[in-house]
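A short write-up of the structure that comes next.
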Amino acid sequence: MVEKIKSIILIILVFSSLFLTYQLWYGQQPAELIAEDVYERIIVEKPRPLEEVFYPAYATVTVEGGYYLLNEADQEFAKIWSHINQSLQLPLNDLPDESDVISDENVTLLTLYFRPGLPTGAEVPWLKDYPGNIVYEIKLKQHNSEIFLVAENSAEEFRHISVVSDRTKNLLLEILANIYENDRDLYFLLREDMFYSSSGRGLNLPVPLFLPLKPAVMTKIVLVNEDTDRDILLKTFFVDYNLARVIEEKDGGLIYTDGEKGLRLTSESLEYSNPRLEESRVTFTYADALKNSNNLISYHGGWPEGLQLESLTSTGWVNAVSYLAQWRMFANGYPLYTLIPTKVIFNDRGLVHYSRSLYFPADSNVSNDEIITAEWSEALEAAVKIYEQDLPGLRTSLRLEAMHLAYAVNASGTDYYGEPVWYVQISGKSYLLKADTLTRVNEEALK
Amino acid sequence: MNLERAKLILIIAFAGLNLFLGYQLFWPDFGRLTQVAVSTEDLQLLDELLEDNNYTLEASIDRSVQTGIFMTVSTSLEFQRQVLLKLLQEGAQFSSNGDATFYKKDDKTAIVQSTGLIRVLYTPPFEPAENIAEFEERELRTYVENFIDDQQLMPEGAVFDYLETTEGGEKILHYYQVSDSCPIFAGHLKVTLEGHSIKSVEIYWLKPVESEITREMEVITAPQALSNFVRDLGSSAEPRTITSVTLGYFSGEYDAEKWEIPPVWRIVLQDGQIYYINAFTGNLEQESVVPEQLP
Numbered sequence: 000m001v002e003k004i005k006s007i008i009l010i011i012l013v014f015s016s017l018f019l020t021y022q023l024w025y026g027q028q029p030a031e032l033i034a035e036d037v038y039e040r041i042i043v044e045k046p047r048p049l050e051e052v053f054y055p056a057y058a059t060v061t062v063e064g065g066y067y068l069l070n071e072a073d074q075e076f077a078k079i080w081s082h083i084n085q086s087l088q089l090p091l092n093d094l095p096d097e098s099d100v101i102s103d104e105n106v107t108l109l110t111l112y113f114r115p116g117l118p119t120g121a122e123v124p125w126l127k128d129y130p131g132n133i134v135y136e137i138k139l140k141q142h143n144s145e146i147f148l149v150a151e152n153s154a155e156e157f158r159h160i161s162v163v164s165d166r167t168k169n170l171l172l173e174i175l176a177n178i179y180e181n182d183r184d185l186y187f188l189l190r191e192d193m194f195y196s197s198s199g200r201g202l203n204l205p206v207p208l209f210l211p212l213k214p215a216v217m218t219k220i221v222l223v224n225e226d227t228d229r230d231i232l233l234k235t236f237f238v239d240y241n242l243a244r245v246i247e248e249k250d251g252g253l254i255y256t257d258g259e260k261g262l263r264l265t266s267e268s269l270e271y272s273n274p275r276l277e278e279s280r281v282t283f284t285y286a287d288a289l290k291n292s293n294n295l296i297s298y299h300g301g302w303p304e305g306l307q308l309e310s311l312t313s314t315g316w317v318n319a320v321s322y323l324a325q326w327r328m329f330a331n332g333y334p335l336y337t338l339i340p341t342k343v344i345f346n347d348r349g350l351v352h353y354s355r356s357l358y359f360p361a362d363s364n365v366s367n368d369e370i371i372t373a374e375w376s377e378a379l380e381a382a383v384k385i386y387e388q389d390l391p392g393l394r395t396s397l398r399l400e401a402m403h404l405a406y407a408v409n410a411s412g413t414d415y416y417g418e419p420v421w422y423v424q425i426s427g428k429s430y431l432l433k434a435d436t437l438t439r440v441n442e443e444a445l446k
Numbered sequence: 000m001n002l003e004r005a006k007l008i009l010i011i012a013f014a015g016l017n018l019f020l021g022y023q024l025f026w027p028d029f030g031r032l033t034q035v036a037v038s039t040e041d042l043q044l045l046d047e048l049l050e051d052n053n054y055t056l057e058a059s060i061d062r063s064v065q066t067g068i069f070m071t072v073s074t075s076l077e078f079q080r081q082v083l084l085k086l087l088q089e090g091a092q093f094s095s096n097g098d099a100t101f102y103k104k105d106d107k108t109a110i111v112q113s114t115g116l117i118r119v120l121y122t123p124p125f126e127p128a129e130n131i132a133e134f135e136e137r138e139l140r141t142y143v144e145n146f147i148d149d150q151q152l153m154p155e156g157a158v159f160d161y162l163e164t165t166e167g168g169e170k171i172l173h174y175y176q177v178s179d180s181c182p183i184f185a186g187h188l189k190v191t192l193e194g195h196s197i198k199s200v201e202i203y204w205l206k207p208v209e210s211e212i213t214r215e216m217e218v219i220t221a222p223q224a225l226s227n228f229v230r231d232l233g234s235s236a237e238p239r240t241i242t243s244v245t246l247g248y249f250s251g252e253y254d255a256e257k258w259e260i261p262p263v264w265r266i267v268l269q270d271g272q273i274y275y276i277n278a279f280t281g282n283l284e285q286e287s288v289v290p291e292q293l294p
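Protein chains in written order, with numbering that gives the first Met the number 0: chain A, 0 to 446; chain B, 0 to 294.
Laid out in structure tokens, this is it:
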């Protein structure tokens with residue numbers, strides 16, 4: 000009997016030692032008391048080279064009776080910019096006599112407008128021999144049999160002229176010939192003497208404004224939600240994802256915060272804030288700021304189709320200076336006005352604020368409801384009336400800072416759409432007016 | 000050697016082997032459970048740091064390794080309903096201005112904020128028959144607790160915190176919420192007394208919600224929390240005394256469906272100031288960081 004018990008004990012001991020050896024050998028997971036390793040590799044979109052993401056805001060092609068307006072929606076625009084982009088990256092050739100080219104405005108074939116400005120110098124791909132300058136306009140001028148590129152800033156403090164190579168010249172002339180052949184909406188350059196409001200006030204134009212000569216035909220556009228991977232997005236903002244707590248809002252939005260920084264995610268937008276980083280300075284240059292803003296978009300959500308940098312400015316005060324970069328989504332060549340546009344505020348300490356809408360135009364976004372837009376002068380008059388109601392008693396001239404057709408983003412249930420509007424900005428005040436009826440669209444009610 | 004002897008030797012050998020393997024496998028965790036997270040050296044260093052920065056510690060320090068989770072909570076609608084039902088049964092009239100709802104009956108007005116905060120105001124202040132202004136703290140507490148019980152304003156799990164006397168002479172009795180033996184400092188009840196009258200009762204009560212995922216993590220030690228507290232606040236110009244360092248849960252008030260609240264070390268100073276150090280991140284918990292629309 001005793002021998003039997005001994006045998007059983009021995010068998011149990013042998014098997015338990017085998018089991019324990021297995022556990023020890025292959026590593027039993029210890030009780031999880033500490034957050035898992037948080038520094039995991041997060042795959043985000045690689046920052047794109049600056050020359051790939053930086054575009055002129057628009058281009059004008061000089062034609063009889065006005066201009067054709069080109070922007071990212073036009074294939075020709077991309078081709079023109081591609082050739083000029085390459086020319087600006089090449090070593091400079093002999094400079095021609097400036098006076099011959101500059102003096103004659105009639106020989107301007109096209110003009111590229113940059114908002115924000117195109118930086119030059121060794122840190123960026125363009126005009127490496129001209130460090131620290133910012134170009135706002137590039138004109139393509141024809142003089143005798145040559146084509147010249149004239150790059151200048153708005154104050155004309157800087158001007159660079161170069162001769163376009165024969166190959167590029169031929170390619171550009173071919174694209175221009177295509178543009179001349181096709182019928183397009185004609186635009187004109189607004190002059191201050193072209194408009195007086197019914198209250199007798201004249202215009203002041205700080206920037207060149209091109210407006211359609213005739214009413215345009217537009218349609219509502221359909222927008223679709225961006226398919227974002229929330230977990231990855233979250234990990235790009237919080238190094239230690241485990242330490243972020245969640246607040247579930249009544250409208251379905253989610254706020255993630257670790258007590259220092261916060262991220263609000265809804266089905267239509269994201270907003271990030273790290274107020275503790277506000278107090279800082281910026282020691283980097285405009286060109287570096289441009290690269291940083293480009294990188295930040297790549298890291299935090301990537302580049303949606305049609306997103307274009309609209310402005311890059313320094314903001315803040317003595318001990319809290321940052322760069323503010325603002326992007327605008329474009330569809331069919333028109334900008335989209337939304338409640339939460341894409342904005343980034345950053346400084347030497349890092350990302351302070353970031354906001355972005357999470358939708359983009361659908362592939363087949365044109366609906367059948369065509370509208371004919373109101374005339375520019377009617378739209379401007381309507382905007383001036385609202386401006387005068389908002390600020391009664393102001394009797395200075397009207398500083399018209401921007402005016403163009405656009406889309407205002409709205410929703411019907413869960414369906415998002417862009418409604419055609421006139422966008423008018425007078426002395427810092429912006430107005431959205433329905434493109435046909437000119438009734439005011441409340442900017443706070445946008446989606 | 001006979002078989003019996005061989006068996007015995009093998010039993011002893013395998014028993015020894017099993018003990019060795021068991022020790023190798025389980026000792027790290029066993030050690031963690033019995034481990035003291037705060038050494039005497041740590042306490043000495045903390046004392047020096049506090050002294051250098053003009054703080055004195057007059058509170059006991061928990062020296063064991065502790066863990067915590069993000070506790071999911073929502074506003075306690077059950078308690079809110081109970082308070083409001085009583086008011087409506089008493090014949091209270093209600094009105095709303097968007098962010099708040101008002102329930103008024105005679106000299107009593109209950110204001111319910113969208114965040115779930117309930118404030119009951121007595122206008123004119125309620126005057127008890129006894130002169131409570133002359134009561135000792137214990138006597139006053141008993142009286143006030145009986146009063147709010149009568150008014151059905153006492154939530155379950157309220158624990159007396161401290162009595163505050165304001166510069167204007169008002170006395171405020173502070174209570175915090177305890178759920179499953181766990182202090183939730185975000186949940187609170189405040190009774191304000193003016194002279195010998197009861198002026199108002201403020202209640203913000205939370206309900207722990209079952210969460211699908213619980214991430215249990217080790218929290219920082221109390222000395223680490225105190226070091227971070229000194230780092231964030233800097234040296235004190237006047238000598239200040241720390242009277243209590245307690246682990247619990249805290250967050251701001253949110254107008255939300257439900258939210259997670261982190262474990263915190265609550266540091267109470269003798270002058271009545273209270274600070275919360277996030278026990279996961281070690282950061283001072285300040286105003287909630289909720290992204291706002293950019294300028």
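C-beta atoms are modelled at their ideal positions from N, C-alpha and C, and glycine is treated no differently.
- Here Gln151/B carries a coil assignment [DSSP, helix/strand/coil].
- At a cut-off of 9 Å, the C-beta of Arg244/A has a neighbouring C-beta in chain B.
- Listed in chain order, the positions of the stretch 5 to 26 of chain B with a beta carbon within less than 8 Å of a beta carbon of chain A are Lys6, Leu7, Leu9, Ile10, Phe13, Ala14, Leu16, Asn17, Leu20, Gly21, Gln23, Leu24.
- For Leu189/A, the closest Cβ of chain B is not nearer than 9 Å.
- Residues Glu75, Lys78, Ile79 of the same chain have their beta carbon placed closer than 7 Å to that of Ile174/A, with the five preceding and five following residues left out of the count.
- Within the stretch 37 to 57 of chain B, not one residue has a Cβ closer than 8 Å to any Cβ of chain A.
- Minimum Cα-Cα distance from His159/A among the listed residues Thr282/A, Leu87/A, Gly315/A corresponds to Leu87/A.
- DSSP, reduced to helix, strand and coil, places Leu357/A outside both helices and strands of the structure shown, so it counts as coil.
- When DSSP states are grouped into helix, strand and coil, Met0/A belongs to the coil group.
- Per the C-alpha coordinates, the member of Asp192/A, Pro419/A, Arg327/A positioned closest to Ser396/A is Asp192/A.
- None of the residues of the stretch 401 to 435 of chain A has a beta carbon lying less than 7 Å from any beta carbon of chain B.
- Restricted to the stretch 104 to 173 of chain A, the beta strand (DSSP E) segments that are unbroken, complete and at least 3 residues in length are 107 to 118, 133 to 142, 145 to 151, 158 to 162, listed in chain order.
- Secondary structure at Leu202/A: strand, using DSSP grouped into helix, strand and coil.
- Within chain A, no residue has its CB atom less than 9 Å from the CB of Lys206/B, the nearest being about 14 Å off.
- Pairwise C-beta distances place the stretch 235 to 243 of chain B in contact with the stretch 46 to 60 of chain B, as three or more of them are shorter than 8 Å.
- Sequence-distant Cβ neighbours of Tyr121/B in its own chain, meaning closer than 7 Å and more than five residues away, are Asp106, Lys107, Ile197, Lys198, Ser199.
- Out of Ile183/B, Phe13/B, Asp148/B, the CA that lies nearest to the CA of Lys85/B is found in Asp148/B.
- Annotation: the continuous beta strand (DSSP E) that includes Thr61/A extends over 57 to 62.
- Taken through DSSP and simplified to helix, strand or coil, Asn84/A comes out as helix.
- Going by beta carbons, Ser250/B and Ala157/B fall outside the 9 Å limit.
- The residue from Val223/A, Phe187/A, Leu109/A, Phe53/A with its alpha-carbon nearest to that of Val408/A is Val223/A.
- The stretch 403 to 419 of chain A makes no contact with the stretch 243 to 252 of chain A: fewer than 3 CB pairs, one atom from each, lie closer than 8 Å.
- Taking 8 Å as the upper bound for CB-CB distance, Arg4/B and Ala36/B are not in contact here, some 49 Å apart.
- Inter-residue distance for Leu335/A and Ala434/A is about 13 Å (C-alpha atoms, whole angstroms).
- Here Phe69/B carries a coil assignment [DSSP, helix/strand/coil].
- Within the stretch 256 to 306 of chain A, the runs of alpha helix (DSSP H) at least 4 residues long that lie entirely inside it are, in chain order, 285 to 298.
- Scanning its chain for C-beta atoms nearer than 8 Å, with the 5 sequence neighbours on each side dropped, one finds around Lys104/B the residues Leu86, Glu89, Gly90, Ala91, Gln92, in chain order.
- Taking CB atoms only, Ile371/A has no neighbour in chain B less than 9 Å away.
- By the C-beta criterion, the stretch 201 to 209 of chain A is judged to be in contact with the stretch 176 to 189 of chain A, since at least 3 inter-stretch pairs fall below 8 Å.
- Of the candidates Ala401/A, Lys5/A, Pro90/A, His82/A, Ala401/A places its Cα closest to the Cα of Pro205/A.
- Within the stretch 180 to 258 of chain A, the alpha helix (DSSP H) runs of at least 4 residues that lie entirely inside it are, in chain order, 229 to 236.
- The C-beta separation of Pro238/B from Asn53/B comes to about 5 Å, placing the pair in contact by the 8 Å criterion.
- Under the three-state reduction of DSSP, Asp51/B is assigned to helix.
- With a threshold of 9 Å between beta carbons, Phe69/B makes contact with chain A.
- At a cut-off of 9 Å between C-beta atoms, Glu3/B counts as an interface residue with respect to chain A.
- Residue environment for Ile371/A: exposed (fewer than 16 other C-beta atoms within 10 angstroms of its C-beta).
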